[in-house]
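Chains as they are written, first to last, in my numbering: chain A, 1 to 590; chain B, 1 to 345. Worksheet: the structure to be examined is printed underneath.
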Amino acid sequence: MMNSISPKAGVVTATAFAVLLTSGGFTSLVFAQGLPEGFKKGDLAPEPSAEMIEAGKRVYFTKCVWCHGVDGAGDGPGADRLWPRPRNFNQGTFKIRHTASGELPLFDAKKPVAGQNDLFETVTHGLPGSAMPPWEGILSEEQRLQVLSFVTTQLVKDRKFTDKQSETQTILNLADLKPKPATDESKNRGAELIVEKKCVECHGMEGRGDGNAFNLKDDWGFSIQPANWHKCWNFRGSRQDPYNVSNIFRTFSTGVNGTPMPSFADNTSVDERWDIANFVNSLCERNALGEPLPIDPLTDKPKINFVIPSDMVEGEIPSDMEAEAWQKAPRRYVAMGGQITHKPRNFVNRIDDIWVRSLYNDKSIVYLLEWDDRTKSVAEGKLPWGPTQVNIDIKEQEPKTGEEGSIAASQNNYAVYNDAIAIETPVKWKELPAPIKPRYLFGTNEQFPVDIVKWEADGSLRAFKGTGWDKDFEQRDNYEENMKVLKGEWKNGRWYVMIERPLGNKKDQDYDEDTFFEVGQYIPTVFFAWDGHNGDAGRKMAVSAFYYTFMNPPVPQETYIYPVVIAFGVVLLEGWVLTRRANRKKGKTL
Amino acid sequence: MKALMSLGALVGVLGLLLLGGMIFDVVPSNTVRLIEGYMPMQMLAEVACYVLGFAGLSYMLNAMGMGIPRFWQGIGFWVFLMMYLKFRVYPPIPFSVRAMYGTVALVTVFMWVSASEEDWKKFKQPIMNVLDAQTGMNRMLRYMYLVLLPILIGGFSFNAMMPKSEEPIELRTVHPAPPASTKVQGKTYVLQTSQSPYRVNPEGKYDQEYSNANIVEQGMGRLMKPNANPWDEKNQGYLKYVREGGEIFFQNCHFCHGDNLNGRGLHAFAFNPIPANFTDPGTIAQLQETFIFWRVAKGGIGLPNEGFPWASVMPPWEQHLTVDEIWKVILFEYWHTGYYPRTWD
């Protein structure tokens, strides 16, 4: 409990605040009981029955033991390659709750009700952004309650859910607190409050979680990162409903036990908390119309469109992101996973998406790539390998190391390399019968090579030819001088990189090693990203699936002519049918 | 008969209300969830239920003298089917496939409305009425169609001709034909004759019956049998190896295939094709253990062309695991999903 305030201390501070406020001419009834505003006293739930606990053991040893371990210490076989590590249940420290900071979460084996049973909801909806999946639809409601009965009574060892002497329940009364409408006024006030309440010190000036990226630790001494408010689908407490402002309100009111995130219940009013929640919620990525992104119910992440459209511009492509052409260009969400195919595998990729836009003119195509990276990383000194080297000496995380050597313990302790991004497209893709492509990872072989354009945080932009996952790159002659970095800037936890490359023509480029882009064609495109502070280099990186760059053709003339012709044809057809019917009827009556 | 029909009508109306409620978010959209693996049967059952419901409803309305003309019945049913395919089925079916189903459904509806001369006449009647335009209402309708049809068709063709950037559809073979044998870490395994060295009873003999008796129970949750806990220290043979396989699975495989082996792991959302769902009866339950061994050892890169080797991120596990570890992981996958591997005969 290093950072969480103990319940007693909480009450004391609350009273102190109440005194302060009343002395200031404030009379608030909610503080009368010594409770923070919006909270009410609750009772401890009764102990689950012995049958429930016994049945839960069976569930636990089928499903949970593999990560959470035999004794629930979060040290199962899978734990050392995970970050965040699986929860250690022994201390009874749980993140997502409706209870005051430091208190045990709500759990009642007889009451699987949303808003009144925190642990049940965690198991039901999972914890996005971690390896904990939603168990709804896999385990029945009964089974979820059973396994929690087992965990709370047998594996939580330092505290007791039914001990009236040591435990209290001060419950956030969320059901009775109606969300405040997210007006501009409310959001503006929230924007001021996050500075005043020092939220930005950890969460960063733009809320990308970059404020204090290196020094934050959880109760067990592992590095921990503040939430990125722009990716609400990764909020642990999002309960598969990421754009719901109440989730933010709850987390802000109760704090996150075991982490440096405190509860703000004692020093903010309910009204202020809604303002902050409204503002934080407004930062989460939205579409061009300001609507929430559609979320894929199978993955709980934004739905993916695999086509990256590129619009045409006349003349020079602007290098200013604020230019109208860029503002109008459609943005695409590109999902990134760890490279887990070949050694060294990247089990924890800290870059999990990229936003891509593209424009083209008669000579070149420009990609605008934006991605959140809490740490700007530029390698100090010269790297121990050349730019074309792929097979470099980067260690893969061992499967079983114990806590000290685990991937969670390595965070922020890696040698720092360059942040980087690369775009891969097949060479001579037109000659491949669709859907055949070179392999997603650096191409197949000499017959199916790929064109790789890689930008690194030291400002370099290089062009390679890839001929297989284990083949070092070949540097391409005369290509780099035709490319340009129009922008390469890290600001408040986000990289903005704009890369210009030639469309390709037989006169100036080499058909055998450069991709030629054509209007109206689907050009397979893969993205790679490296986070230097994650020790990413070589094949230790984040990868996307195959996307398609599609350069939108100008609308052809025929599009406006043929439909009119067709409509006219329909009119003629109608006339014919009517005449025929009329004639036949006449024939009949005559 | 009447009671039966009323019951059918009741079922149908309730089902329709529920479906509509789920689509328009009046009730939670997962009130009646489609269970993976059972979805086709579930869908057929649901549609059958609706057909019954419609039949009952139509009977009731007729009995009450408010019958709906055959013409509108046909159109209504077809529209219902299309809506069902579009909104109920998840993951969504691509338009081209829905168009195929739609055509088949249209033909069926035509067969139904033209089953007898009488029916066909009844079906045609409204169309003929509009063409003849004997009443004011029909005349108005006729002029409306005269204007609307060309505009609609012109609009559709304009939409169709506008350059669009929709994802090209790529159909991939999920279980390509396996080779006769595969060479892994210097040793050749003949797929027809190889056996898992760990599917053994406590005495150490290959024993499929013993292992089948100790897999998890089918049914909600797929829990282990109470007396077959792989974490029991005293285990010898099969269950001991299941546990070792599980350890390897949760150090290597769950990142994509998920904690419940349902293909929803941590990285799964980023990949296409999505990782295999072992709990689906269409994956490992359909395959032989040695087929899985080949797929695991060679990974995506080892697939024949119809399996899209360029897009699969499945690692060739021979690069990461020993042959023994691969067999153990496979053992665990069958244990955890409660399926038996198929045999070659």
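Glycine included, C-beta positions come from ideal geometry on N, C-alpha and C.
Within-8 Å CB hit, residue i to chain B
| i | result |
| --- | --- |
| residue 586 of chain A | no |
| residue 341 of chain A | yes |
| residue 253 of chain A | no |
| residue 29 of chain A | Bear in mind that a pLDDT of 41 at residue 29 of chain A, under 50, signals an unreliable position, so the model cannot answer this. |
| residue 527 of chain A | no |
| residue 23 of chain A | In this predicted model, residue 23 of chain A has a pLDDT of only 43, less than 50, meaning its place in the structure is not dependable enough to derive any value. |
| residue 444 of chain A | yes |
| residue 590 of chain A | With a pLDDT of only 46 at residue 590 of chain A, under the threshold of 50, the placement of this residue in the model should not be trusted, and no figure is reported. |
| residue 181 of chain A | no |
| residue 32 of chain A | Confidence at residue 32 of chain A is low in this model, with a pLDDT of 45, below 50, so its placement is unreliable and no value can be given for it. |
| residue 545 of chain A | yes |
| residue 520 of chain A | yes |
| residue 26 of chain A | Any reading at residue 26 of chain A is ruled out, since the residue's pLDDT is 40, under 50, leaving its predicted position unreliable. |
| residue 422 of chain A | no |
Range covered by the alpha helix (DSSP H) that runs through residue i
| i | result |
| --- | --- |
| residue 116 of chain B | Per DSSP, residue 116 of chain B belongs to no alpha helix (DSSP H) and is neither H nor E. |
| residue 169 of chain A | No alpha helix (DSSP H) holds residue 169 of chain A; the beta strand (DSSP E) holding it covers 169–172. |
| residue 200 of chain A | 199–203 |
| residue 63 of chain B | 39–63 |
| residue 328 of chain A | 324–328 |
| residue 76 of chain B | 70–83 |
| residue 187 of chain A | 184–196 |
| residue 178 of chain A | No alpha helix (DSSP H) contains residue 178 of chain A, which DSSP labels as neither H nor E. |
| residue 245 of chain B | 238–252 |
| residue 89 of chain A | From DSSP, residue 89 of chain A is part of no alpha helix (DSSP H); its letter is neither H nor E. |
| residue 56 of chain A | 50–59 |
| residue 269 of chain B | Residue 269 of chain B -> no alpha helix (DSSP H), and no H or E assigned at all. |
Range covered by the beta strand (DSSP E) that runs through residue i
| i | result |
| --- | --- |
| residue 2 of chain B | Looking at the DSSP string, residue 2 of chain B is not in any beta strand (DSSP E); the run it does join, the alpha helix (DSSP H), is 2–23. |
| residue 335 of chain A | 332–335 |
| residue 604 of chain A | Residue 604 of chain A lies beyond the residue range present for chain A, which begins at 1 and ends at 590; the question has no answer from this structure. |
DSSP beta-bridge partners of residue i
| i | result |
| --- | --- |
| residue 463 of chain A | A:453 |
| residue 489 of chain A | A:496 |
| residue 367 of chain A | A:358, A:499 |
| residue 474 of chain A | A:465 |
| residue 542 of chain A | A:338, A:529 |
| residue 183 of chain B | B:188 |
| residue 312 of chain A | A:360 |
| residue 510 of chain A | DSSP, once it has assigned bridges, lists no residue as partnering residue 510 of chain A. |
| residue 115 of chain A | Paired residue(s): none; residue 115 of chain A is not in a bridge. |
| residue 99 of chain A | A:171 |
Beta carbon proximity, residue i to chain A, threshold 8 Å
| i | result |
| --- | --- |
| residue 4 of chain B | no |
| residue 310 of chain B | yes |
| residue 96 of chain B | no |
| residue 212 of chain B | no |
| residue 254 of chain B | yes |
| residue 264 of chain B | yes |
| residue 161 of chain B | yes |
| residue 46 of chain B | no |
| residue 132 of chain B | yes |
| residue 158 of chain B | yes |
| residue 313 of chain B | yes |
| residue 153 of chain B | yes |
| residue 24 of chain B | no |
Contact residues within the segment 53–67 of chain A, judged by C-beta distance below 8 Å to chain B | 58, 59, 61, 62, 63, 65, 66, 67
Using Cβ-Cβ distances below 7 Å, what residues of the segment 216–232 of chain B are close to chain A?
-> 216, 220, 221, 223, 224, 226, 229, 231
Any beta strand (DSSP E) of 3 or more consecutive residues that is wholly inside the segment 379–439 of chain A | 420–426
Minimum length 4: unbroken alpha helix (DSSP H) runs contained in the segment 105–157 of chain B = 117–132
Along the segment 324–355 of chain A, what residues have a CB closer than 7 Å to any CB found in chain B?
-> 335, 336, 337, 338, 340, 341, 342, 343, 347
Identify each residue in the segment 128–156 of chain A for which the Cβ-Cβ distance to at least one residue of chain B is less than 7 Å, and report them in chain order.
-> 131, 133, 137, 138, 139, 140, 143
Closer than 9 Å, Cβ to Cβ, to anything on chain A: give me those residues from the segment 274–306 of chain B, in chain order.
-> 274, 279, 299, 300, 301, 305
If you measure beta-carbon to beta-carbon, which residues of the segment 299–315 of chain A are closer than 7 Å to chain B?
-> 299, 301, 306, 307, 309
What residues in the segment 71–89 of chain A bring their beta carbon closer than 9 Å to a beta carbon of chain B?
-> 76, 77, 78, 79, 80, 81, 82
Residues, ordered as in the chain, of the segment 316–335 of chain B that lie near chain A by beta-carbon distance below 9 Å = 316, 319, 320
Can you give me, in chain order, the residues of the segment 444–466 of chain A that have a beta carbon less than 9 Å from any beta carbon in chain B?
-> 444, 448
Using a Cβ-Cβ cut-off of less than 9 Å, list which residues of the segment 237–248 of chain A approach chain B; keep chain order.
-> none
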